[in-house]
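J.: Here you go, one structure.
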Amino acid sequence: MSKVPYEVYTEEVEALSVLSPDGEIVNEAKMPKLTDDQLKEIMYRMVFTRTWDDRAVNLGRQGRLGFYAPVSGQEATMVGSEFALEKDDFICPGYRDMPQIVWHGLPLYQAFLYSRGHQEGGRIPEGVNVLMPQIIIGAQILHAMGIAMGYKLKKQKQVVITYTGDGGSSEGDFYEGLNYAGRFKLPVIFFVQNNGYAITTPFAKQTASL
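Just so it is clear: in the sequence shown, position 139 is 228 by the numbering used here, and no numbers are missing.
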């Protein structure tokens, strides 16, 4: 048995919140300082995303579009998180995160080609720092670790953001990614949206956490 001393940490980590679940401001000091033009642009992007999503869902029901994961109700988190990035930052999306990579520079027509299974749909233009959506739940997290490690080794200032849902947070790749990022102090953001989907597994059946 190892005789290396260790410490046990039992204190709680305080959650940082700016908005309450009802949308009320609970931390005025942490509110982002956005101009009126920026707020209008964010609203435009959210409305555009909802309209695009409605259209894509209808096309899917008509059999004119292949795989497409609806995003209705998540426009604010998707648009807001991408808006905070620099263009040099990198996005590693899950299968429900097409809006973020479109607003990050992927042409919209390629998003539709991707959903139709067209070979050109996966051709990412030069200078657009995104991967195409990962269908395997949680696998994009490992890709993000590799890109973030590359940034660190090259001493570049970019960050990587990777998205997943409550289902992805129950995958082994998620915990491996957290451990790896912590161990090597990688410039990566883990964005978890508890939308209650997880394909068909309710959150209460995945974990004992609240």
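For every residue, glycine included, the Cβ atom is placed at its ideal position computed from N, Cα and C. Source: prediction; values computed, not measured.
With three or more beta-carbon pairs closer than 8 angstroms as the criterion, would you say the stretch 271-287 touches the stretch 253-263?
T.: yes
J.: Can you round the beta-carbon distance between L242 and Q229 to whole angstroms, since I take them to be within the 8 angstroms contact cut?
T.: That pair is no contact at about 20 angstroms.
J.: Assuming L231 contacts V217 (C-beta within less than 8 angstroms), just tell me the rounded distance between them.
T.: With a Cβ gap of about 21 angstroms, L231 and V217 do not count as contacting.
J.: How many Å lie between D178 and N268 at the Cα?
T.: 21 angstroms
J.: Please go through the same chain and pick out, in chain order, the residues whose beta-carbon is closer than 7 angstroms to the beta-carbon of M187, but skip the five residues on each side of it.
T.: Around M187: A200 and P222.
J.: From Q295 to E260, what distance separates their C-alpha atoms?
T.: Roughly 10 angstroms separates the two Cα atoms.
J.: Grouping DSSP H, G and I as helix and E and B as strand, with all else coil, what is Y252?
T.: strand
J.: Taking 8 angstroms as the limit between beta carbons, can you name the residues of its chain near A165, skipping five residues before and five after?
T.: Excluding positions up to five away in sequence, the list reads M135.
J.: Which residue or residues does DSSP assign as beta-bridge partners of G183?
T.: Q223
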